[in-house]
Each structure stands twice: as structure tokens, then as C-alpha cells.
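In my numbering, the protein residues as written are 9 to 294.
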């Protein structure tokens, strides 16, 4: 029999024995929503059960899993990386450190694209910098008649984007390369992109979840606009007449992106706000 002060017994007593203890262990250390998500995934309990039955017991294996995730989340590791995925547009997407984590505000880009394609039969769609494939896969599933092409320069990111498409049953033409290079001769009804748009010296890159995401998917030159400039400058040669370019950008970049679009000859240039009221997507048509 183990001694009362043995390391094995001491470590076991630190494990929470019920849902309430697990939440108490996380309180003040990580966000409450994150704590409930991790607890739900670790134990299999529903969100309602976690709130209504704090006395519900937790198996030791589930408790150890939760405590491991809690420690890693306290260290800053994103919840999406801990769980291996993130929901986007109502669907589960696998997420790895090689790809940008899909964010709720990017769903605005998908909604705007679908709206502008309502009257277009069998549209040709291009997603530049696809990452996890969230935009391309969502558009392909919402518009099964569309021909969706998605490009990324990272082989690893493209591999996981293909996995997401296969897992969700989406038909997407994935191509490896830099921006428009793999489709030099093609023209599209709509081009959508969520490119890197953070300034390379922005202190936020060293904080929070951003520390665990690929820098090349986040930063773009001294002002964060290098990739946006390139996409806008080359868009006219890859869009059919009258068709749309939609771009996600930073919270303070809408005016600069609108100016880029207008200078490049786009019309009906506008910016649209996300659920937080931030001008998050700008675009226009030829």
C-alpha cells in the first residue's frame, strides 16, 4: 500500500473529481468559455450538464486530460490546437499549427461571397491563401454547382486543407503556389482572400494565440498591407468583367484597402462590418 505522502497519491488528489471542481480549478486562470469547452471535450458532458450538475463525477483519465489541456491553455496554447479543430460556418475543421485558425469574423467573407454569386450559375471561385481551407470548403458546400480553386504556398497547410475538404465532402481544386501563380491563365467570377495583414513589428504577434500560429500567415510587411497590395494589383487579370474581389483585412485597414481598390479601377467599392462592428471585409467589382 502506498504511503500517505507518496508522489503517486499526492498527484491523484490534485485531480478534480467532479465537474464543479474542474471549473473551480480553471477559474481565474483561463477564460470561462474556454474552460467549459475543454471540460466538455475531456469528459463528454454537454454544456447544459456542466452548468446544471456540478456534482457529476469525472473519470480519472478525463480529469487528467482536462488538467493537461488546462496547463497548456494557461501557457497560451490555442484551444483549437488543443482540440485539433475549430468550427467554421457550422462545420468542423481540423486545425494544425501550420495553418491559421479559422475565426468567426471570417464567416462574413463567406456570406458576402455567397450573396454576390446568387445570380451566377456554376460560378468560378478562387480562394487565395486558403490555409485550413475554411473559406473554399464552405463556399464549395454552399454552392455545389461552383468550381472552387484554392491556393496556398505551404505544402503542409494544403495537405490539411485537402483533409478538411475530403472529410466534409467538398469538391475543391487545391493548388500549391504563391497567390495567382498556379492560375496564371484563368479568370474567375469571384476572388476571395483572407491574407496576412498584420504589420511585421506589431507587438500582438508575440501575445496570446498568435504566438502559436505561423508568422507567414499573419504578418505582411512594415504596414501589414504588402500581400493585400499584390492581390489587388493582379486581380483585374484574373476576374471576369463585372465580377468581384473580396478581401478580409485588419481592424484599421479598411480605408487603405478601399483606396487600393479604387486606384486599381474597381467600382462599388465598400467595406462591411463584422459582428463586433469592425470594418473587416472590403471589396468591389470591375
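Even glycine gets a Cβ: it sits at the ideal position worked out from N, Cα and C.
Is it true that the CB of residue j sits closer than 8 Å to the CB of residue i?
{"i": "residue 188", "j": "residue 257", "result": "no"}
{"i": "residue 80", "j": "residue 88", "result": "no"}
{"i": "residue 265", "j": "residue 120", "result": "no"}
{"i": "residue 160", "j": "residue 169", "result": "yes"}
{"i": "residue 232", "j": "residue 205", "result": "yes"}
{"i": "residue 151", "j": "residue 117", "result": "no"}
{"i": "residue 199", "j": "residue 253", "result": "yes"}
Taking just the CA atoms, how far does residue j sit from residue i?
{"i": "residue 59", "j": "residue 180", "result": "40 Å"}
{"i": "residue 110", "j": "residue 29", "result": "31 Å"}
{"i": "residue 183", "j": "residue 65", "result": "48 Å"}
{"i": "residue 113", "j": "residue 54", "result": "26 Å"}
{"i": "residue 129", "j": "residue 174", "result": "24 Å"}
{"i": "residue 72", "j": "residue 99", "result": "28 Å"}
{"i": "residue 124", "j": "residue 251", "result": "9 Å"}
{"i": "residue 268", "j": "residue 237", "result": "7 Å"}
{"i": "residue 158", "j": "residue 165", "result": "11 Å"}
{"i": "residue 37", "j": "residue 78", "result": "9 Å"}
{"i": "residue 235", "j": "residue 203", "result": "7 Å"}
{"i": "residue 370", "j": "residue 102", "result": "Given that the chain is displayed from residue 9 to residue 294, the structure contains no residue 370 and the question cannot be resolved."}
{"i": "residue 51", "j": "residue 41", "result": "15 Å"}
{"i": "residue 107", "j": "residue 263", "result": "28 Å"}
{"i": "residue 291", "j": "residue 196", "result": "15 Å"}
{"i": "residue 17", "j": "residue 25", "result": "Bear in mind that a pLDDT of 36 at residue 17, under 50, signals an unreliable position, so the model cannot answer this."}
{"i": "residue 47", "j": "residue 139", "result": "28 Å"}
{"i": "residue 9", "j": "residue 209", "result": "Low local confidence applies: a pLDDT of 37 at residue 9 is under 50, so the model's placement there is unreliable, and no value is given."}
{"i": "residue 230", "j": "residue 261", "result": "13 Å"}
{"i": "residue 39", "j": "residue 61", "result": "20 Å"}
Quick check on residue i: buried or exposed, where buried means 16 or more other Cβ atoms within 10 Å of its Cβ?
{"i": "residue 287", "result": "buried"}
{"i": "residue 68", "result": "exposed"}
{"i": "residue 191", "result": "buried"}
{"i": "residue 14", "result": "Caution applies to residue 14, whose pLDDT of 38 falls short of 50 and renders its modelled position unreliable; the model cannot decide the point."}
{"i": "residue 259", "result": "exposed"}
{"i": "residue 153", "result": "exposed"}
{"i": "residue 141", "result": "buried"}
{"i": "residue 131", "result": "buried"}
{"i": "residue 126", "result": "exposed"}
{"i": "residue 172", "result": "buried"}
{"i": "residue 70", "result": "buried"}
Which same chain residues, not among the five before or five after residue i, have their C-beta less than 8 Å away from its C-beta?
{"i": "residue 273", "result": "244, 294"}
{"i": "residue 249", "result": "294"}
{"i": "residue 278", "result": "266, 290, 291, 292"}
{"i": "residue 242", "result": "187, 188"}
Answer yes or no: the CB of residue i versus the heavy atoms of the ligand ATP, is any distance below 7 Å?
{"i": "residue 254", "result": "This structure simply doesn't include the ligand ATP, nor any ligand for that matter."}
Apart from the five residues just before and just after residue i, which ones in its own chain have a Cβ nearer than 6 Å to its Cβ?
{"i": "residue 115", "result": "97"}
{"i": "residue 201", "result": "136, 137, 239, 255"}
{"i": "residue 57", "result": "none"}
{"i": "residue 156", "result": "133, 144, 147, 148, 180"}
Spatial neighbours of residue i within its chain, please: CB distance less than 7 Å, with the 5 preceding and 5 following residues excluded, ordered by chain position.
{"i": "residue 43", "result": "31, 34"}
{"i": "residue 75", "result": "23"}
{"i": "residue 45", "result": "87"}
{"i": "residue 176", "result": "99, 145, 149"}
{"i": "residue 63", "result": "26, 28"}
{"i": "residue 276", "result": "292, 293"}
{"i": "residue 7", "result": "The structure shown has nothing for residue 7, since the chain only spans 9 to 294."}
{"i": "residue 92", "result": "102, 103"}
{"i": "residue 6", "result": "Outside the shown range of the chain (9 to 294) lies residue 6, about which nothing can therefore be said."}
Any C-beta of chain B sitting closer than 8 Å to the C-beta of residue i?
{"i": "residue 279", "result": "Protein chains in the displayed structure number just one, and chain B is not present."}
Could you name each continuous alpha helix (DSSP H) segment of 4 residues or more that falls completely within the region 36-110, going from the start of the chain to the end? 40-51, 55-60, 68-82, 87-91
Please give the ranges of any alpha helix (DSSP H) in the region 106-158, keeping only runs that are unbroken, at least 4 residues long and fully inside the region. 115-124, 142-150
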